[in-house]
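I have placed the structure first, in the form of structure tokens, so that the comments after it can refer back to it.
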Amino acid sequence: MPGRFGRLAAVRSGLPQVRPQPAARSAQGIPVNTAPPRALPQRLRLYLPCAAGVEPLLLDEAARLLPGAPLRSGRGGVGVVADAAGLMALNLGSRLAQRVLIEVATGPYRDEADLYALAHRIDWPHWITPQHTLRVDVSARASRLRSLNFAALRIKDAVCDRMRAQCGARPSVDTRAPDLPLVLHLAAERATLYVDSSGEPLFKRGWREDTGDAPLKETLAAAMLAAAGWDGTPGGGGALLDPCCGSGTIAIEAAQIACGIAPGLKRRFAFERLLPFAAAPQRALLQRLRSAAQARIHPPAVPIFASDLSFRMVDFARRNAQRAGVGHAIEFHGGDALERPAPTLPPTLPGTLLLNPPYGQRVDAGGRAARPSAEDRGLPRDWFQQLAAHWKRAFTQHPAGWTAWVLSPEPKLPGTMRLKATRRVPLWNGPIECRLFRFDLVAGAFRDERAGSADPGPGHPGGAAP
179 MPGRFGRLAA
189 VRSGLPQVRP
199 QPAARSAQGI
209 PVNTAPPRAL
219 PQRLRLYLPC
229 AAGVEPLLLD
239 EAARLLPGAP
249 LRSGRGGVGV
259 VADAAGLMAL
269 NLGSRLAQRV
279 LIEVATGPYR
289 DEADLYALAH
299 RIDWPHWITP
309 QHTLRVDVSA
319 RASRLRSLNF
329 AALRIKDAVC
339 DRMRAQCGAR
349 PSVDTRAPDL
359 PLVLHLAAER
369 ATLYVDSSGE
379 PLFKRGWRED
389 TGDAPLKETL
399 AAAMLAAAGW
409 DGTPGGGGAL
419 LDPCCGSGTI
429 AIEAAQIACG
439 IAPGLKRRFA
449 FERLLPFAAA
459 PQRALLQRLR
469 SAAQARIHPP
479 AVPIFASDLS
489 FRMVDFARRN
499 AQRAGVGHAI
509 EFHGGDALER
519 PAPTLPPTLP
529 GTLLLNPPYG
539 QRVDAGGRAA
549 RPSAEDRGLP
559 RDWFQQLAAH
569 WKRAFTQHPA
579 GWTAWVLSPE
589 PKLPGTMRLK
599 ATRRVPLWNG
609 PIECRLFRFD
619 LVAGAFRDER
629 AGSADPGPGH
639 PGGAAP
């Protein structure tokens, strides 16, 4: 989320600094930079920003992707020290990080002149050429500067001035698809400058074309699956059903996990256009990592089901699943969640219901809460009561059991559903604070109407666990 970068910064620069050398000149007398791209340091300080509440899940994921790497979790993200291979592995394999940022400079600041000096000391010709483009994004927390736009402008000026001094020309600005995306984070007294190695945010997996009014981000779907402990194996949640699938995000993310498909396999990254990664050894390394990821793809070990009341959305979801390479791994149906029968499963295979029902708020393209459309209005209270009654009839007879996880901003949802919540996981859907509620679908979890609709709450007999 904005304003959460940079808490883990601790060194002054991610690349060694050099004194500018006299530039060679072209036949036309224009100075040119003839230095070969500098090799990347063996230890890159990386920062992985994530949505609030996802930090412990991301810490576990980073530990799996980079065994033995130094890790540190902080507010809004995870810091890690890794080499170029680790940076590539995180971009290819992280389902929870929003981006992979390379720290290139950090230091105290009082005004925009200090920010200019911070950026100007970086040897930018070893990152880009004048033919490359750049963009500067700024996030701040407790900064005393009056204009973040002016701070971004001074960083841009510093990069361009350094490039002009060493290369005789400066790069252009591209606000849509820059070759060098920079992120400046401003704390109260300290500034940290990052190169964004991902480019487009990592929730853009490269397969989505068809969406509804309020598509769930892939990173949030992955966080829901991780919080539920669902890993695509018989012992890790078993079969999965999303009865409110929309454009299919949860089911597709689950199917890719079940099939071992790396989330970044179908997309490109900004670091591929930067000089330190342009050398043949780095290109070969990325190709080896992509090939290894491709070789790890396998058939799913558990079935995945998805349905929606809107047949239009089911059609969207099917097309998205085909583009994501998991059309074969998901069984789609149209139909009302209040009537969806429990799938037939082997008696020893458990099942997981995971859903993000409409709740009257949605997130627009800029990450802001937006006014809901007529098609995206929140569901009435009695709908959730009917859903719980349907679950009691259809999902409590399976020998291995079903567990339901529901994402909602309504803290009293368990009371509304007359169900005992055994866990509440705080998660943010953009700016909307939510809880992922767990309900164990066994006969004793359902309270009849005479028990009242109020959730007794944590610490009460039958209440929710914290």
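In short: position in the sequence shown from 1, add 178, done, that's this note's numbering.
Even for Gly, the Cβ is constructed at its ideal location relative to N, Cα and C.
All of these numbers come straight from a predicted model, not from anything done at the bench.
For R555, the three-state DSSP class (helix, strand or coil): Only weak support is given to the placement of R555: the predicted model assigns it a pLDDT of 47, under 50, and the question is left unresolved by the model.
C-beta contact flag for C422 and P535 at 8 Å: yes
Beta-carbon spacing of T427, A404 below 8 Å: no
Beta-carbon proximity list for P356, same chain, < 7 Å, skipping 5 on both sides: T311, L312 and R313
Close beta carbons around S350, own chain, < 7 Å, minus the five adjacent residues each side: T311
Identity of the residues DSSP links to A260 by a beta bridge: L222
Segments assigned beta strand (DSSP E), at least 3 residues, entirely inside the stretch 249–331: 249–252, 255–260, 279–286 and 311–318
Distance, A417 Cα to L523 Cα: 8 Å
Between the CA atoms of P477 and P519 - distance to the nearest angstrom: CA-to-CA, the gap between P519 and P477 works out to about 25 Å.
Residues near F573 in its chain [Cβ-Cβ closer than 6 Å; skip 5 each side]: A520, W580 and L619
Rounded straight-line distance, which links the Cα of A320 to that of R332: 19 Å
Close-in-space but distant-in-sequence residues of the same chain around W302 (CB under 6 Å, 5 per side omitted): V337, R340 and M341
Beta-carbon gap between L360 and L371 smaller than 8 Å: L371 sits close to L360, with the two beta carbons spaced by under 8 Å.
Counterpart residues of Y372 in DSSP-defined beta bridges: E281 and V361
Short Cβ contact (8 Å threshold) for P441 with R273: yes
Sub-8 Å separation of G285 and L243 beta-carbons: no
Backbone CA spacing between I475 and A502 [nearest angstrom]: 13 Å
Three-state secondary structure (DSSP) of A240: helix
Separation of F562 from L293, as counted between CA atoms: 52 Å
CB of M266 within 8 Å of CB of L463, strictly: yes
Separation of D289 from A247, as counted between CA atoms: Annotation: A247 to D289 spans about 35 Å, alpha carbon to alpha carbon.
Expected contact under 8 Å - CB spacing of I306 and A283 to nearest Å: Contact doesn't hold; Cβ gap of about 16 Å is too wide.
Whether P393 touches C345 by CB criterion (8 Å): Judged by their CB atoms, P393 and C345 are not nearer to each other than the 8 Å cut-off.
Within 8 Å, strictly: CB atoms of W408 and A429: no
C-beta atoms of R596 and R616 nearer than 8 Å: no
Three-state secondary structure (DSSP) of S586: strand
Minimum length 4: unbroken alpha helix (DSSP H) runs contained in the stretch 446–517: 458–473 and 489–501
Residue interval of the alpha helix (DSSP H) (run including L398): Bounds of the alpha helix (DSSP H) holding L398 are E396 to A405.
6 Å Cβ shell around V258 - same chain, five flanking residues per side excluded: L224, A240, A247 and L249
Residue from D420, T411, H568 and R446 whose Cα sits closest to the Cα of G438: The shortest C-alpha separation from G438 is found at T411.
Host beta strand (DSSP E) of R610 (start-end): The identity of residue 610 in the sequence shown is Ile, whereas the question assumes Arg. I610 to D618 is the extent of the beta strand (DSSP E) around I610.
Residue from H568, H511, V278 and E611 with nearest C-alpha to L585: Of the residues H568, H511, V278 and E611, the one whose Cα lies closest to the Cα of L585 is E611.
Inter-residue Cα distance where the pair is E367 and A263: 33 Å
F328 burial status per 10 Å Cβ neighbour count (16 or more: buried): exposed
For L362, the nearest candidate out of V373, D352, F447 and V232 (CA to CA): V373
Anticipated Cβ contact below 8 Å, A295 with L364, distance rounded: Wrong, their Cβ atoms sit about 15 Å apart, outside the cutoff.
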